[in-house]
Amino acid sequence: MLLPYRTPFFFGEYSLRNAVREFVAHYHLERNHQGLGNRLIVPMETKNETTGAVERRQRLGGLLNYYYRKAA
């Protein structure tokens, strides 16, 4: 039986706790929230760069992605 692409596997409690920790960090630090005017819950200090390369931070093997503009 073939499993769907990017199916997470959790091998024990440590693996599951790590996945939950990564998701909570993404949820609070990197995900826009419509109820907050599409802002982050915990905004990081940025300089609102409009130039420079767009970078991607991956969590959980690429299941969660955060895109940001790196300072030039």
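469 is the number that our numbering gives the last residue of the sequence shown; the numbers go up by one with no jumps. No residue lacks a Cβ here, since even glycine has one placed at the ideal position from N, Cα and C.
Residue j beta carbon less than 8 Å from that of residue i
i      : j      : result
Leu426 : Met441 : yes
Arg456 : Glu419 : yes
Extent of the continuous alpha helix (DSSP H) run through residue i
i      : result
Arg454 : Taken as a continuous stretch (DSSP letters only), Arg454 belongs to no alpha helix (DSSP H), being part of the beta strand (DSSP E) at 451 to 456.
Residue i versus residue j: straight-line alpha-carbon distance, rounded
i      : j      : result
Tyr463 : Glu452 : 8 Å
Phe408 : Ala450 : 36 Å
Ser412 : Phe406 : 8 Å
Arg428 : Thr448 : 22 Å
Reduced DSSP category for residue i - H, G, I as helix; E, B as strand; rest coil
i      : result
Asn429 : coil
Leu460 : coil
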